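Everything below concerns the one structure shown next.
Protein chains: 6
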Amino acid sequence: MTDEPDIEWECDRVGYAYTTRGRTIGESDILLHAGQTGDQYALHMDAEIARQSRYGQRIAHGTLTLSIALGLKFDTDQSKGVRISYGYDSVRYRKPVFIGDTISVKVEVTRSQMDEKRPGLRRIVETMDVVNQHGESVLFLEHILVRWV
Amino acid sequence: MTDEPDIEWECDRVGYAYTTRGRTIGESDILLHAGQTGDQYALHMDAEIARQSRYGQRIAHGTLTLSIALGLKFDTDQSKGVRISYGYDSVRYRKPVFIGDTISVKVEVTRSQMDEKRPGLRRIVETMDVVNQHGESVLFLEHILVRWV
Amino acid sequence: MTDEPDIEWECDRVGYAYTTRGRTIGESDILLHAGQTGDQYALHMDAEIARQSRYGQRIAHGTLTLSIALGLKFDTDQSKGVRISYGYDSVRYRKPVFIGDTISVKVEVTRSQMDEKRPGLRRIVETMDVVNQHGESVLFLEHILVRWV
Amino acid sequence: MTDEPDIEWECDRVGYAYTTRGRTIGESDILLHAGQTGDQYALHMDAEIARQSRYGQRIAHGTLTLSIALGLKFDTDQSKGVRISYGYDSVRYRKPVFIGDTISVKVEVTRSQMDEKRPGLRRIVETMDVVNQHGESVLFLEHILVRWV
Amino acid sequence: MTDEPDIEWECDRVGYAYTTRGRTIGESDILLHAGQTGDQYALHMDAEIARQSRYGQRIAHGTLTLSIALGLKFDTDQSKGVRISYGYDSVRYRKPVFIGDTISVKVEVTRSQMDEKRPGLRRIVETMDVVNQHGESVLFLEHILVRWV
Amino acid sequence: MTDEPDIEWECDRVGYAYTTRGRTIGESDILLHAGQTGDQYALHMDAEIARQSRYGQRIAHGTLTLSIALGLKFDTDQSKGVRISYGYDSVRYRKPVFIGDTISVKVEVTRSQMDEKRPGLRRIVETMDVVNQHGESVLFLEHILVRWV
Chain A
1 MTDEPDIEWE CDRVGYAYTT RGRTIGESDI LLHAGQTGDQ YALHMDAEIA
51 RQSRYGQRIA HGTLTLSIAL GLKFDTDQSK GVRISYGYDS VRYRKPVFIG
101 DTISVKVEVT RSQMDEKRPG LRRIVETMDV VNQHGESVLF LEHILVRWV
Chain B
1001 MTDEPDIEWE CDRVGYAYTT RGRTIGESDI LLHAGQTGDQ YALHMDAEIA
1051 RQSRYGQRIA HGTLTLSIAL GLKFDTDQSK GVRISYGYDS VRYRKPVFIG
1101 DTISVKVEVT RSQMDEKRPG LRRIVETMDV VNQHGESVLF LEHILVRWV
Chain C
2001 MTDEPDIEWE CDRVGYAYTT RGRTIGESDI LLHAGQTGDQ YALHMDAEIA
2051 RQSRYGQRIA HGTLTLSIAL GLKFDTDQSK GVRISYGYDS VRYRKPVFIG
2101 DTISVKVEVT RSQMDEKRPG LRRIVETMDV VNQHGESVLF LEHILVRWV
Chain D
3001 MTDEPDIEWE CDRVGYAYTT RGRTIGESDI LLHAGQTGDQ YALHMDAEIA
3051 RQSRYGQRIA HGTLTLSIAL GLKFDTDQSK GVRISYGYDS VRYRKPVFIG
3101 DTISVKVEVT RSQMDEKRPG LRRIVETMDV VNQHGESVLF LEHILVRWV
Chain E
4001 MTDEPDIEWE CDRVGYAYTT RGRTIGESDI LLHAGQTGDQ YALHMDAEIA
4051 RQSRYGQRIA HGTLTLSIAL GLKFDTDQSK GVRISYGYDS VRYRKPVFIG
4101 DTISVKVEVT RSQMDEKRPG LRRIVETMDV VNQHGESVLF LEHILVRWV
Chain F
5001 MTDEPDIEWE CDRVGYAYTT RGRTIGESDI LLHAGQTGDQ YALHMDAEIA
5051 RQSRYGQRIA HGTLTLSIAL GLKFDTDQSK GVRISYGYDS VRYRKPVFIG
5101 DTISVKVEVT RSQMDEKRPG LRRIVETMDV VNQHGESVLF LEHILVRWV
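Chains as they are written, first to last, in this note's numbering: chain A, 1 to 149; chain B, 1001 to 1149; chain C, 2001 to 2149; chain D, 3001 to 3149; chain E, 4001 to 4149; chain F, 5001 to 5149.
Now the structure itself:
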């Protein structure tokens, strides 16, 4: 703990929660992401093989879902440009995301405290639960944000 | 542990290590990723504000670096299509990635064992250290892969 | 009026009219345009919300329709590179454009005269009526072109 | 005028004004927009010809500047999803936008009243002045928004 | 012939053959390729005209199929970065490629010999037969590779 | 030969020649083409390795140059939509194309005759010489077009 005056923002407070807007995943999202990352694995790029797989169709890259989830979160974040991403813990892919699925993110602050080692730095942990249009969780992660007070 | 016959692949073995090919990040990568994710934060999109920031220039989105790092890794992975991403732990952004930087990934298997709860499932953990052209680490993560034996 | 010799081109003459080629709007057009402009409003990006709206489905951004309409017009313009866009008047969105719609533009010169204040400058006004595959007008505008004689 | 109760929002009030965030235009923006619209005119696509033109370099499409300006405006609009674009008047291109320029938009409400013909419809006119990093106006327009009260 | 020691690689040997992975062509592939190349011909861009044509629907650009075929080939090539494309002979478009088609390439080495005029240069010719998901040949070409021994 | 009346168009006549407009190749062209085709070879994607290569910098994919050359050609072709590409012969890559290069195409009809086996089919061969801004030939090919008379 430090003795700097620390104003805890509403969005830093444990229990602060909201759901982001939704975003429908298009085929072109998968093609562009495959192109940018170079991950052209058959389940993303080959409709014939994907049809015969246990998924029955092409699936989105995990990193595409993760990237859009973080984008949705930052687009809603009231502290834009003041708190920054430090990293993520416990990123877990739970269900596939298909072309045409609409995902949104349930965000909730679960920890928020001053960093013991770095005075003046507040560390906030949000759980991010990415859900599809059926309310199923497709991806979960803990998002660590930091803010200088 | 289970008593199923488990063939440990070379790329499953603790200590297995390699470095991926390199990938130069272009301005268009940042613009496309900002567009896809909706994260249009000033440090990515506004060269004037970025010039006055402590970075001195625009920086890549964390999720762009992460996505390309995973893509580079899968493009080199000899087990393509058999082992799948289960998730990530300890994802930590260490340094900014700038337009024109070339990143590659140092991969090393650090854990590999049969899942105690799910017989027949091997769980492999790789550390991924994303480095720029100066050899500096820009992103670190633990990548969890699973494989049915 | 000026006393410079002014050759009135065919495409400058009041009454000159033609219809451009057609262009089918894809889902990827909307996603790319949303990305480039940052306008990620639900009616463009969230198929679930769009389904429940009075449109029943996602709609194209007005600026996407406008941009493609101008592109179609310039791709057909016989004076390419000599006349330039000065601006638009009376831009009116009349009907939504949906994924899969094919738009074309009916162009007609309605005014054409020398600029009274700037000798040597001809000012041409074209009406542009953007229509979909059902012949419905989706966007109307007056396009002001200028040409040095 | 109607006798419906009309709550005039802050952002509907004449005099309400703000400046949007900035957006740096990249070469890839021009290439993508040229591709999407089909307008591949030399001043956008041919660096050699552009170098010899009076601009000295390639310029952005007018519709690209206009589209990004509207996107910047909607990304800042507090009434997102309630007020919609009806059209534009007096769109005037004032100066070229070059690769690397950063544009932002000065928005000001100049008219706001109930529609005389359509009871329950409020019509708001904003002037949008798009400026580059030197504070020069590159594009001006009047943006007409409507809202059901 | 030269008297340099020439190690003939497996992939240089006449008769060496394999089939690449598959790639499903999306509508966005056609739109992006039309944009990049400027070829906005109606059979690629106008679903209404394409519907009335002998194809009954939009078709991919020949150069899109050719580019993806070469990409699929190089992504599988074991000599990546050592052998380079010298050119192609007998490129023949055989059947249209439609949105949703999945193409792969049957590659076979048909000639391989030292260049008589340029000592130290091996010249390899592969036939590339691009096939769709029905096993129909859509494009054939002879791909000439060179390698310094 | 057939006895159908065959109108030889101007653009079918041996000796008919023109040069297309120019097109500057951007870094984003290479990144998008690498993404679409999956060809992420180091000379296109890794500025560090490319710097140390005999080229000294990244180079465009051969198929990107070829695709844009054909697009430039079709954008200028007066017979748009009537003559179609049958294939190419003698495609030869002559010099690398770098980021920032501006290419255009010198087209000349070298053969034009009725197909002996297929009555009513005219076969036209054009040489296409793709040149950069220094007038150097970077790619040569023979383009075979067909037209039903």
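Even glycine gets a Cβ: it sits at the ideal position worked out from N, Cα and C. Just so we're clear, the structure is a prediction, and the values are computed from it rather than from any experiment.
Residue i - DSSP class collapsed to helix/strand/coil
i: ALA34(A); result: helix
i: LYS3073(D); result: helix
i: GLY2026(C); result: coil
i: HIS3061(D); result: coil
i: ARG4013(E); result: coil
i: VAL2130(C); result: strand
i: ILE68(A); result: helix
i: GLN3040(D); result: coil
i: ARG5054(F); result: coil
i: ILE5049(F); result: helix
i: VAL4082(E); result: coil
i: ASP115(A); result: coil
i: VAL4105(E); result: strand
i: THR3020(D); result: coil
i: GLU3136(D); result: coil
i: GLY5120(F); result: coil
Residue i vs residue j beta-carbon contact at 8 Å
i: ARG5021(F); j: LEU5072(F); result: yes
i: ARG2058(C); j: ALA2047(C); result: yes
i: THR3037(D); j: ILE2068(C); result: yes
i: LYS106(A); j: VAL138(A); result: no
i: ILE3025(D); j: ASP3101(D); result: yes
i: GLY1087(B); j: ILE1049(B); result: no
i: MET5045(F); j: ARG1051(B); result: no
i: ARG2027(C); j: ILE2084(C); result: Note that residue 2027(C) corresponds to Glu in the displayed sequence, not to Arg. The answer is no: Cβ separation not under 8 Å.
Contacts around residue i, its chain only, beta-carbon distance under 7 Å, and the 5 residues preceding and following it disregarded
i: GLY4062(E); result: TYR4093
i: LEU3064(D); result: ASP3029, ILE3030 and HIS3033
Residue closest to residue i, alpha-carbon to alpha-carbon, out of the options
i: VAL4082(E); options: ALA4017(E), ILE4124(E) and LEU4031(E); result: ILE4124(E)
i: ASP2089(C); options: THR2019(C), PRO2119(C), GLY2120(C) and ASP2129(C); result: ASP2129(C)
i: HIS4134(E); options: PRO4096(E), LEU4066(E) and TRP4009(E); result: PRO4096(E)
Sequence-distant residues of its chain with Cβ nearer than 6 Å to residue i (five each side left out)
i: ARG5111(F); result: VAL5125
i: ARG2122(C); result: MET2114, ARG2147 and VAL2149
i: VAL3091(D); result: LEU3141
i: GLU5116(F); result: none
Test: residue i CB closer than 8 Å to a CB of chain A
i: VAL1091(B); result: yes
i: PHE1074(B); result: yes
i: THR4019(E); result: no
i: ILE1030(B); result: no
i: ILE2084(C); result: no
Nonlocal neighbours in the same chain, by C-beta distance under 8 Å from residue i, ignoring five residues either side
i: GLN5040(F); result: ALA5034
i: VAL2109(C); result: CYS2011, ASP2012, ARG2013, VAL2014, GLY2015, TYR2016, ALA2017, ILE2124, VAL2125 and GLU2126
i: LEU5043(F); result: ILE5049, ALA5050, SER5053, TYR5055, ARG5058 and ILE5059
i: ASP77(A); result: CYS11 and ARG83
Closer than 8 Å to chain B by CB, residue i
i: LEU2221(C); result: Given that chain C is displayed from residue 2001 to residue 2149, the structure contains no residue 2221(C) and the question cannot be resolved.
i: ARG3123(D); result: no
i: LEU145(A); result: no
i: GLY2960(D); result: What the structure shows of chain D is the stretch from 3001 to 3149, and residue 2960(D) is not part of that stretch, so it cannot be assessed.
Beta carbon proximity, residue i to chain F, threshold 8 Å
i: SER4104(E); result: no
i: ARG1023(B); result: yes
i: ALA3047(D); result: yes
i: SER4067(E); result: yes
is_contact[residue i, chain D] using C-beta, thresh 8 Å
i: GLN2036(C); result: yes
i: GLN5040(F); result: no
Within-8 Å CB hit, residue i to chain C
i: GLY135(A); result: no
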